[in-house]
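Residue numbers (UniProt numbering): 1 to 240.
Ideal Cβ placement from N, Cα and C applies to all residues, glycine included.
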């Protein structure tokens, strides 16, 4: 499908396997965008099932997300699945839970730090699961984070970005934000977090903060490099 719709990708179309999302700035633009895609599919003798199609939507569920013109959020059905997930009793149960949760990591601030007690249980590929109080606390905290996760606004290249970084003894966390709306308010565009390697744990706090900034710039390079406005980096380390 990517090859068929290649000329429209990243312009007005997103494709995942056989799922097609057509997006536009306005309804006036949207109608010809839809017509172009349908004509292209027809040229390749590809057919759609009408019962699986929706047209002219201002909000849509796509690949586990709910997307509208201003923001993106987790599908409430997926949130409910996490909220009602029982405590894992086997290694496979925990792997399944983390695999499900990992899909939404960009919505959860400090995701790597929160899940660290859980991922540590899978270190060295154990044959059985040794659950502990720290794992229970992390499990409950992650479920709470899912139910209180904020909406993520779509990054606007016309507005300045703010990168807020923080390093701890176990990992790093970053928030990409913008002042959007009327009146202007600070809204998150994305979260990023990562566990520190054994070598990075030994860095002094200044170098850990610098590492966090480096990782943030790499993660969001496609937004920050060549941005229309200078972006702001916020850190609580006074020497930086």
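Cβ-Cβ separation, residue j to residue i (assumed contact under 8 Å), whole Å
i           : j           : result
residue 114 : residue 138 : 6 Å
residue 153 : residue 59  : Not confirmed; about 14 Å, so no contact.
residue 191 : residue 107 : 7 Å
residue 315 : residue 178 : The displayed coordinates of the chain run from 1 to 240. Any statement about residue 315 would go beyond what the structure contains.
residue 196 : residue 171 : 6 Å
residue 11  : residue 85  : At roughly 39 Å, the Cβ-Cβ gap does not stay under 8 Å, so residue 11 and residue 85 are not in contact.
Those residues which DSSP pairs with residue i across a bridge
i           : result
residue 171 : 195
residue 16  : 19
residue 234 : 164
Residue i in three-state terms, based on DSSP
i           : result
residue 10  : coil
residue 242 : Any property of residue 242 remains undetermined from this structure, which presents the chain solely from 1 to 240.
residue 178 : strand
residue 229 : coil
residue 100 : helix
residue 39  : helix
residue 29  : helix
residue 3   : coil
residue 106 : helix
Residue i versus the options, residue with shortest Cα-Cα distance
i           : options           : result
residue 100 : 117, 80, 109, 110 : 80
residue 220 : 165, 20, 181, 22  : 165
residue 148 : 75, 45, 23        : 75
residue 193 : 25, 177, 215      : 215
residue 83  : 130, 90, 141, 39  : 141
residue 116 : 67, 153, 61, 173  : 173
residue 151 : 46, 186, 170, 49  : 186
residue 175 : 225, 132, 233     : 233
residue 50  : 38, 44, 43        : 38
residue 53  : 168, 27, 19       : 19
residue 125 : 85, 94, 5, 132    : 94
residue 227 : 89, 158, 213, 183 : 158
residue 77  : 146, 91, 134      : 146
residue 102 : 136, 11, 64       : 64
residue 201 : 213, 87, 168, 46  : 168
residue 91  : 111, 72, 123      : 123
Residue i Cβ short of 7 Å to the ligand SAM heavy atom set
i          : result
residue 69 : As presented, the structure is devoid of all ligands, the ligand SAM included, so that no description of it is given.
Segments assigned alpha helix (DSSP H), at least 4 residues, entirely inside the segment 111–164:
111–119, 133–147
Ordered list of beta strand (DSSP E) runs contained in the segment 202–226, each at least 3 residues
none
Extract the residue ranges of the beta strand (DSSP E) inside the segment 43–94, only unbroken runs of 3 or more that lie entirely within it. 59–62, 65–68, 71–74
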